[in-house]
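Undergrad: Protein chains in written order, with our numbering: chain A, 153 to 280; chain B, 192 to 356. Using N, Cα and C, we set each Cβ at its ideal position, and we do this for glycine too. Quantities reported herein were computed from a predicted structural model and do not represent experimental measurements.
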Amino acid sequence: MNRLVAAIPYARLLGIDVEETRTGTECLLPFRPDLIGNTGLPAIHGGVIGSFLEMTAIVRLLAESGLANVPRPITFTIDYLRSAGPRETRACAEIFKLGRRISHVRAIAWQDARERPVAAANGKFLMG
Amino acid sequence: MAADRKYAMRAVFGPAKFDIGRFTPHAGRLRMRVVETGPGFAVLALPWHEELIGDPQRRVVFGGVITTLIDQASGIAVACAMEELVAIATIDLRVDYLRAAAPERELFARAECYKLGHNVAFVRATAWDDEPDDPFAGCLGTFMIGSGSGGSPFSSVGRPDGGSQ
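#1: Can you tell me which of the three DSSP states residue 356 of chain B falls into?
#2: Going along chain A, which residues have a C-beta under 9 Å from residue 228 of chain B?
#3: Do you know how far the Cα of residue 217 of chain A is from the Cα of residue 282 of chain B?
#4: When the cut-off is 8 Å and only beta carbons count, does residue 282 of chain B lie next to chain A?
#5: Under 8 Å Cβ-Cβ, which residues of chain B neighbour residue 231 of chain A?
#6: Less than 6 Å between C-beta atoms, sequence neighbours within five positions excluded: which residues of the same chain meet that for residue 310 of chain B?
#7: Starting from residue 162 of chain A and walking both ways along the beta strand (DSSP E), at which residues does that stretch end?
#8: What did DSSP end up calling residue 251 of chain B once you bin it into helix, strand or coil?
#9: Which chain B residues are close to residue 206 of chain A, counting only those with a beta carbon under 8 Å from its beta carbon?
#10: Cβ of residue 273 of chain A within 8 Å of Cβ of residue 229 of chain A?
#11: Within its chain, find whatever has a CB closer than 8 Å to the CB of residue 261 of chain B; leave out the 5 residues flanking it on each side and keep chain order.
#12: Leaving aside the five residues before and after residue 267 of chain A along the sequence, list all residues of the same chain whose C-beta is less than 8 Å from its C-beta, in chain order.
#13: In this structure, what does DSSP give as the bridge partners for residue 188 of chain A?
#14: Note down, in chain order, every chain B residue with its Cβ under 9 Å from the Cβ of residue 187 of chain A.
#15: My output table needs one value for residue 269 of chain A: the three-state DSSP class, helix, strand or coil.
#16: Determine, for residue 244 of chain B, whether the minimum Cβ-Cβ distance to residues of chain A falls below 8 Å.
#17: Whether or not the segment 249–256 of chain B and the segment 199–210 of chain A are in contact is what I'm after, with contact meaning three or more pairs of Cβ atoms, one per stretch, closer than 8 Å; do they touch?
#18: Find the residues of chain B that neighbour residue 159 of chain A, judging by a C-beta separation of less than 7 Å, and give them in chain order.
#19: Are any of the Cβ atoms in chain B nearer than 8 Å to that of residue 235 of chain A?
#20: Taking Cβ positions, are residue 265 of chain B and residue 314 of chain B nearer each other than 8 Å?
#21: Going by other Cβ atoms of all chains shown within 10 Å of its Cβ, with 16 needed for buried, is residue 246 of chain B buried or exposed?
#22: Counting only C-beta atoms, is residue 196 of chain A closer than 8 Å to chain D at any point?
#23: Since residue 221 of chain B contacts residue 259 of chain B with CB under 8 Å, what's their CB separation in whole angstroms?
#24: Using 10 angstroms around the beta-carbon of residue 214 of chain B, count the other beta-carbons present and answer buried if the total reaches 16, otherwise exposed.
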């Protein structure tokens, strides 16, 4: 999966990594100052968090479907639950329905503890 | 929005007068630029770059790049609707991908704050590559007004000198 992420230029720009953990596949977003959206807090850009969740959903879909092509988002909704501070962010995704045409995925991102998510997303993707 | 209302950002309304990268590091990293702002709205542009590709086969930008462009335009639109600048935070964004964005093209987004409440602002936005009336993405977003203790990152932009300091 890391090879796949490396093949996507924007995932490389963000510095996303994929890790196999005891509880399953997790994506990893190491902190970098150029990911900041709000310098006052400081907090990671909402668009970066959204992109990270979308990538996490795509990684999961590719692993489960075995497709070679990147699934295309139809609609993607992100709930911002807490500000994402200047540190590492992790995310995982769950597939609600793996369809032949459309799949439904939910992804969550957290920093300090998985029980305190910074953002959650719900996406529908066109497969193939 | 009434024309005689007070706007904290009025000094910079019109064609781009400020560099968004100075206020938002990630927008600067993506070389995003402000095209125009006005009462409760903002138009932003994102120049094409190979680094933004999300689908190597089709060479289209990653969906999340559109989220970033729209989130940025929406935040500025909310600031452009305020009488006095306070910090805001995105509550949620729903981005609909209407079609693929054309590869190797500059992308644009226009966001409009159509309701500014005491606690929450509501925004709608579209993004296009060629014609504004042929968008490739649409978005609805909500923003919390007066989040946290920090000030607005745009507080210096709204000053009459446009934040040139």
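TA: Let's see:
#1: Within the second sequence, the letter at position 165 stands for residue 356 of chain B. For residue 356 of chain B, the predicted model reports a pLDDT of 35, less than 50, meaning its position is unreliable and no value from the coordinates is stated.
#2: Taking the first residue of the second sequence as position 1, residue 228 of chain B is located at position 37. The contacting residues do not exist; residue 228 of chain B stays about 18 Å from chain A at best.
#3: In the second sequence, residue 282 of chain B corresponds to position 91, counting from 1. In the first sequence, residue 217 of chain A corresponds to position 65, counting from 1. Looking at the two C-alpha atoms, the distance is approximately 32 Å.
#4: For the purposes of this step, residue 282 of chain B is taken as the residue at position 91 of the second sequence. Yes, its Cβ sits closer than 8 Å to a Cβ of chain A.
#5: If you number the first sequence from 1, residue 231 of chain A lands on position 79. In chain order: 282 and 283.
#6: Here residue 310 of chain B refers to the residue found at position 119 of the second sequence. 336.
#7: Taking the first residue of the first sequence as 1, we reach residue 162 of chain A at position 10. Following the DSSP letters along the chain, one finds residue 162 of chain A in no beta strand (DSSP E) but inside the alpha helix (DSSP H) bounded by residues 161–166.
#8: Walking along the second sequence from the start, residue 251 of chain B turns up at place 60. The answer is strand: DSSP assigns residue 251 of chain B an E or B state.
#9: Here residue 206 of chain A refers to the residue found at position 54 when the first sequence is read from its first residue. Chain B residues near residue 206 of chain A: 253, 254, 255 and 258.
#10: Indexing the first sequence from 1 puts residue 273 of chain A at position 121. Indexing the first sequence from 1 puts residue 229 of chain A at position 77. Contact check for residue 273 of chain A against residue 229 of chain A passes: the beta carbons are separated by less than 8 Å.
#11: The count along the second sequence starts at 1 and reaches residue 261 of chain B at position 70. Non-local beta-carbon contacts of residue 261 of chain B in its own chain, meaning distances under 8 Å to residues more than five positions away in sequence, involve 284, 286, 300, 302, 316, 318, 328, 330 and 332 in chain order.
#12: Here residue 267 of chain A is taken as the residue at index 115 of the first sequence, counted from 1. For residue 267 of chain A, where only same-chain residues beyond five positions count, there are no Cβ hits under 8 Å.
#13: Translated into the one-based positions of the first sequence, residue 188 of chain A becomes position 36. For residue 188 of chain A, which the question treats as bridged, DSSP gives the partners A:196.
#14: Position 35 of the first sequence, counted from the first residue, corresponds to residue 187 of chain A. By Cβ distance, chain B contributes 216, 217 and 220.
#15: Taking the first residue of the first sequence as position 1, residue 269 of chain A is located at position 117. Looking at residue 269 of chain A - three-state DSSP - the assignment turns out to be strand.
#16: Within the second sequence, the letter at position 53 stands for residue 244 of chain B. Closer than 8 Å: yes.
#17: Yes: the two stretches touch, three or more of their Cβ pairs being nearer than 8 Å.
#18: Your numbering for residue 159 of chain A matches position 7 in the first sequence. The answer, in chain order, is 247.
#19: Start at 1 with the first residue of the first sequence, and residue 235 of chain A comes out as number 83. Yes - at least one Cβ of chain B is within 8 Å of the one on residue 235 of chain A.
#20: By 1-based counting over the second sequence, the position of residue 265 of chain B is 74. By 1-based counting over the second sequence, the position of residue 314 of chain B is 123. Yes, the pair counts as a contact, with Cβ atoms nearer than the cut-off.
#21: As a working note, residue 246 of chain B is residue 55 in the second sequence. Classification of residue 246 of chain B: buried, given that the 10 Å Cβ count is 16 or more.
#22: Of the protein chains in the structure, A and B, none is chain D.
#23: For the purposes of this step, residue 221 of chain B is identified with residue 30 of the second sequence, where counting begins at 1. For the purposes of this step, residue 259 of chain B is identified with residue 68 of the second sequence, where counting begins at 1. At roughly 7 Å, the Cβ-Cβ gap stays under 8 Å, so residue 221 of chain B and residue 259 of chain B are in contact.
#24: For the purposes of this step, residue 214 of chain B is identified with residue 23 of the second sequence, where counting begins at 1. By the 10 Å Cβ count, residue 214 of chain B comes out buried.
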